[in-house]
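Residue numbers (our numbering): 2 to 333. This report concerns only the one structure given below.
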Amino acid sequence: MKKENRILTILSFILIVIFLVSFGLGKYPIHLKELLAILASKVVPIKQFWTDNQQIALFNVRMPRILLGILVGAALPTAGVCYQGIFRNPMVSPDLLGASSGAAFGAALAILKGAGFLGISLSAFFFALFTVWLVCKVGKHTKGSPVLGLVLSGIMISSLFTSATSFLKLIADPDQELPAITYWLMGSLAGAKKSDVIFMMIPMLVGMIPLFLLRWKMNILTLGDDEARTIGVDVKRVRGIVIACSTLITAASISVSGMIGWVGLVIPHFARMLIGCDYRKLLPASVLMGAAFMLVVDNIARLATTSEIPIGILTSFVGAPFFLYLIIREGE
Numbered sequence: 002m003k004k005e006n007r008i009l010t011i012l013s014f015i016l017i018v019i020f021l022v023s024f025g026l027g028k029y030p031i032h033l034k035e036l037l038a039i040l041a042s043k044v045v046p047i048k049q050f051w052t053d054n055q056q057i058a059l060f061n062v063r064m065p066r067i068l069l070g071i072l073v074g075a076a077l078p079t080a081g082v083c084y085q086g087i088f089r090n091p092m093v094s095p096d097l098l099g100a101s102s103g104a105a106f107g108a109a110l111a112i113l114k115g116a117g118f119l120g121i122s123l124s125a126f127f128f129a130l131f132t133v134w135l136v137c138k139v140g141k142h143t144k145g146s147p148v149l150g151l152v153l154s155g156i157m158i159s160s161l162f163t164s165a166t167s168f169l170k171l172i173a174d175p176d177q178e179l180p181a182i183t184y185w186l187m188g189s190l191a192g193a194k195k196s197d198v199i200f201m202m203i204p205m206l207v208g209m210i211p212l213f214l215l216r217w218k219m220n221i222l223t224l225g226d227d228e229a230r231t232i233g234v235d236v237k238r239v240r241g242i243v244i245a246c247s248t249l250i251t252a253a254s255i256s257v258s259g260m261i262g263w264v265g266l267v268i269p270h271f272a273r274m275l276i277g278c279d280y281r282k283l284l285p286a287s288v289l290m291g292a293a294f295m296l297v298v299d300n301i302a303r304l305a306t307t308s309e310i311p312i313g314i315l316t317s318f319v320g321a322p323f324f325l326y327l328i329i330r331e332g333e
């Protein structure tokens with residue numbers, strides 16, 4: 002077995018272990034024997050030896066939250082590593098084209114309108130997509146490099162939506178609406194429901210499948226546009242598909258979890274250190290590492306203190322020092 006395949010196997014095993022251990026952490030511990038028995042009882046008749054509280058906690062609280070953590074943890078690094086490839090910049094993250102800023106504005110607007118969780122998620126999702134669409138439309142009219150045009154357009158439009166979000170926070174009710182907006186912006190998987198998992202799974206599959214099919218073309222795009230055209234790759238078309246699919250899974254992630262930064266930037270670098278730059282192996286490695294990392298961070302977030310810590314705070318503790326390390330290394 003090749004080294005890369007061994008690493009992917011180990012990462013898969015680590016994810017499975019963390020997945021199973023996560024069920025046993027919390028107010029109502031669920032051991033592996035009880036977990037397997039509760040799951041099996043839905044298929045075959047088994048005499049109940051677990052408590053009703055354990056079963057309720059498993060299906061109504063932990064299962065949706067753990068599955069959502071896996072989906073978010075897989076989506077953000079996937080979008081990040083794809084953006085880094087097509088823009089040929091290791092410092093690129095999934096919010097480069099303004100998806101996070103647009104989602105934040107959409108969520109804040111929905112909170113001010115008194116929308117429920119579903120309304121907030123839908124508003125964040127569609128504003129994230131709208132922002133990236135707007136960036137792409139503006140980027141087409143810039144002169145010179147199309148990549149540079151997209152980046153500059155993303156910076157400018159992200160700034161506009163960030164300012165708009167700040168204005169909404171300014172006029173929000175300081176007792177109810179403002180705390181809700183602030184907490185959403187810090188990111189969390191608390192209160193995850195089955196509907197959230199389904200809501201995210203559909204756009205995630207729609208976005209992930211084309212990205213996995215285009216892995217070898219992304220390898221070629223990292224060489225540069227001229228080299229890719231020489232080999233026969235339709236650079237504009239492939240870049241458009243990658244941006245669209247990456248934006249879709251980023252918007253879906255942010256809409257259900259809030260703003261969780263650094264994951265899409267840091268995890269791809271860890272994956273490269275382990276497995277190299279071949280997207281045929283790098284993309285699956287980023288998915289596995291991101292899902293495992295998100296589960297670990299979420300477990301810490303809900304168990305470290307009596308009141309849950311927003312995930313965005315914890316990911317920043319990991320991401321910011323690593324980003325500084327990258328800057329220093331690039332400087333050298």
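In this text, a Cβ means the ideal position worked out from N, Cα and C, and glycines have one as well. For clarity, every value in this text was computed on a predicted model and none was experimentally measured.
What separation, rounded to the nearest whole angstrom, lies between the Cα atoms of residue i and residue j?
i	j	result
residue 178	residue 64	29 Å
residue 333	residue 326	For residue 333, the predicted structure reports a pLDDT of 47, less than 50, and the residue's modelled location is therefore unreliable. A value from the coordinates is still provided. Near 11 Å, if we compare the C-alpha coordinates of residue 326 and residue 333.
residue 298	residue 233	42 Å
residue 284	residue 111	34 Å
residue 15	residue 286	12 Å
residue 235	residue 26	49 Å
residue 186	residue 254	13 Å
residue 220	residue 294	25 Å
residue 188	residue 223	32 Å
residue 156	residue 212	24 Å
residue 324	residue 42	47 Å
residue 127	residue 163	16 Å
residue 39	residue 8	32 Å
residue 37	residue 316	31 Å
residue 75	residue 11	16 Å
residue 124	residue 210	25 Å
residue 130	residue 307	36 Å
residue 18	residue 296	11 Å
residue 154	residue 67	36 Å
residue 107	residue 45	45 Å
residue 51	residue 58	12 Å
residue 246	residue 49	44 Å
residue 265	residue 252	13 Å
residue 69	residue 142	38 Å
residue 6	residue 115	49 Å
residue 275	residue 53	43 Å
residue 29	residue 267	33 Å
residue 95	residue 198	20 Å
What are the start and end residues of the alpha helix (DSSP H) that includes residue i?
i	result
residue 300	280-304
residue 231	226-232
residue 85	64-87
residue 21	4-24
residue 220	216-222
residue 269	264-276
residue 56	53-57
residue 35	33-41
residue 106	100-113
residue 248	236-258
For residue i, which residues of its own chain have a beta-carbon under 6 Å away from its beta-carbon, when the five flanking residues on both sides are left out?
i	result
residue 4	none
residue 280	216, 219, 220
residue 159	99, 102
With 16 as the cutoff for other CB atoms within 10 Å, does residue i come out buried or exposed?
i	result
residue 93	buried
residue 321	exposed
residue 192	exposed
residue 33	exposed
residue 55	buried
residue 144	exposed
residue 312	buried
residue 175	exposed
residue 168	exposed
residue 305	exposed
residue 85	buried
residue 201	buried
Tell me which residues share the same chain as residue i and place their Cβ nearer than 7 Å to its Cβ, disregarding the 5 neighbours each side in the sequence.
i	result
residue 148	88
residue 181	112
residue 173	113, 179, 182
residue 318	none
residue 269	78, 81, 82, 85, 287
With a threshold of 8 Å on Cβ separation, who are the neighbours of residue i within its own chain once the five nearest residues in sequence on each side are excluded?
i	result
residue 309	189, 191, 302, 303
residue 196	119
residue 272	78, 82, 283, 286, 287, 290
residue 21	33, 36
residue 138	none
Would a check of beta-carbon distances place residue i closer than 8 Å to chain D?
i	result
residue 23	In the structure shown, chain D does not exist; there is a single protein chain.
query: Can you give, in chain order, each stretch of the beta strand (DSSP E) that sits fully within the stretch 139-213 and has at least 3 residues?
result: If we require 3 residues or more, the stretch 139-213 turns out to have no beta strand (DSSP E) run fully inside it.
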